[in-house]
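J.: Okay, so the sequence shown: first residue is 121 according to my numbering, each after it adds one. Cβ atoms here follow ideal geometry from the backbone N, Cα and C, with glycine treated the same way. One structure is given below, represented as structure tokens, and several questions about it will come after.
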Amino acid sequence: MSAAPKVAALRGGRVTLAAAADAFLAAPRTANPNTHRAYASAIDRVIDRLDRDRPLAEVADAEIGTALTALWGASAPATWNRNRAAVTSWLIWCQTKKYWAAPSVPAEAERRKESADETRAVAKTTIHRLLSRRDIPLREKTLWRMLYETAARAAETLALNVEDLDLEHRRAPVRSKGGATEWVYRDSGTVHLLLRILRLPDGSTRTHGPLFLSDDICPHTGRARLGYDRARVLLEKYAELDLHQLRHSAATHLGDAEVPLQLIMAKTRHKNPRTALRYVKPGGDAVAEITSILGPPRHTH
121 MSAAPKVAAL RGGRVTLAAA ADAFLAAPRT ANPNTHRAYA SAIDRVIDRL
171 DRDRPLAEVA DAEIGTALTA LWGASAPATW NRNRAAVTSW LIWCQTKKYW
221 AAPSVPAEAE RRKESADETR AVAKTTIHRL LSRRDIPLRE KTLWRMLYET
271 AARAAETLAL NVEDLDLEHR RAPVRSKGGA TEWVYRDSGT VHLLLRILRL
321 PDGSTRTHGP LFLSDDICPH TGRARLGYDR ARVLLEKYAE LDLHQLRHSA
371 ATHLGDAEVP LQLIMAKTRH KNPRTALRYV KPGGDAVAEI TSILGPPRHT
421 H
């Protein structure tokens, strides 16, 4: 068969949305667990709205745009852009790598401008008050403290399993964006909370499975992992904050404490100093403290 008939045969196939999604998620480009989880979350929600068993070739561009708008149209620009990008990558892969007839993300569902928020860093006192509130569930309090103390990304933290924890050395391995294994370190406050969420009703301790469990238990495995979207919604509900603000605040507070940039880069695992500088911007507390230097001299009697 020549190349042209082969392409035509593929384009005339009846591959379903579910099969196309499975093929994409099995590709090497999504091998990283964090990447795979982010893509799967967005793509699965879109194809569920469009009918998983429907042929990919029958879906119109406008339907993709409608699904994206229904799911994330009211979300923050960063959330919209992240999920839109996942769906766009999937559809382009179907078109260019598999030569399947597939829709595209329509022009009207364009990427949204993410405004630079100069107040993304939360005051240290605000975070400590949040983590001491009695109305915060144990799971959320543990996750938020861990994100702050480790300055780790939310997706990689949610991907941790119980067996990954090194409680003695207060650390855990995570997969970086590039796929390498790196270590994140936490303080004793997180360790204390971790021991509590691992404790089972009979007094024993969980030794394997997802570290942060979902409220919805999978009937097949008995365990379900807390997802990024649900974790994001809960932090917004209790504190009107974004998950990334915990990481950003940790880096800012280290900068306020005059911790050297090299150590802040090691903590946040940024490779580029310019990228780290973008996050490590002095917060309001630090600016307020140095303002006294500009005041009139104080006279002592």
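#1: Spell out the partners DSSP gives L119 in its beta bridges.
#2: How big is the Cα-Cα spacing for D114 and A196?
#3: Rounded to whole angstroms, how far is the Cβ of G185 from the Cβ of E228, which I believe are closer than 8 Å?
#4: Distance, Cα to Cα, S369 vs H328?
#5: Taking its Cβ as the centre, do 16 or more other Cβ atoms sit within 10 Å of G323, making it buried, or is it exposed?
#6: May I have the straight-line CA-CA distance separating R319 from R326, to the nearest angstrom?
#7: Can you round the beta-carbon distance between S334 and R316 to whole angstroms, since I take them to be within the 8 Å contact cut?
#8: Using C-beta distances below 8 Å, list every residue in its chain close to L424, excluding the 5 sequence neighbours before and after it, in chain order.
#9: Give me, in chain order, the residues of the same chain whose beta-carbon lies closer than 7 Å to that of A396; leave out the 5 immediate sequence neighbours on both sides.
#10: Restricting to Cα atoms, I'd like to know which of L285, G347, V242 and V311 is closest to A162.
#11: Taking R446 as the reference, which of A147, W200 and R134 has the closest Cα?
#12: Assuming A351 contacts A274 (C-beta within less than 8 Å), just tell me the rounded distance between them.
#13: Thinking D405 and A243 are a contact (beta carbons under 8 Å), I'd like their distance in whole angstroms, please.
#14: From what residue to what residue does the alpha helix (DSSP H) around R204 run?
#15: Alpha carbons only, please: which of T245, N201, L314 and D286 is nearest the one belonging to A158?
#16: Among the candidates L313, P293 and T277, whose CA atom is the shortest distance from the CA of I256?
#17: Does DSSP put D286 in a helix, a strand or coil?
T.: Let's see:
#1: Limits of the chain in this structure are 121 at one end and 421 at the other, which puts residue 119 out of reach.
#2: It is not possible to answer for residue 114, since the shown part of the chain is limited to 121 through 421.
#3: With 8 Å as the limit, G185 and E228 qualify as a contact, their Cβ atoms being about 6 Å apart.
#4: 31 Å
#5: It is exposed - the Cβ of G323 has fewer than 16 other Cβ atoms within 10 Å.
#6: Taking C-alpha positions only, R319 is separated from R326 by approximately 6 Å.
#7: 18 Å between Cβ atoms; not a contact.
#8: What is shown of the chain runs 121 to 421, which leaves residue 424 out entirely.
#9: L381, I384, M385, T388 and H390
#10: G347
#11: The question about residue 446 has no answer, for the chain in this structure spans 121 to 421.
#12: 7 Å
#13: 6 Å
#14: Run containing R204: P197 to T216, per the alpha helix (DSSP H) assignment.
#15: N201
#16: L313
#17: Residue state, collapsed to three classes: strand.
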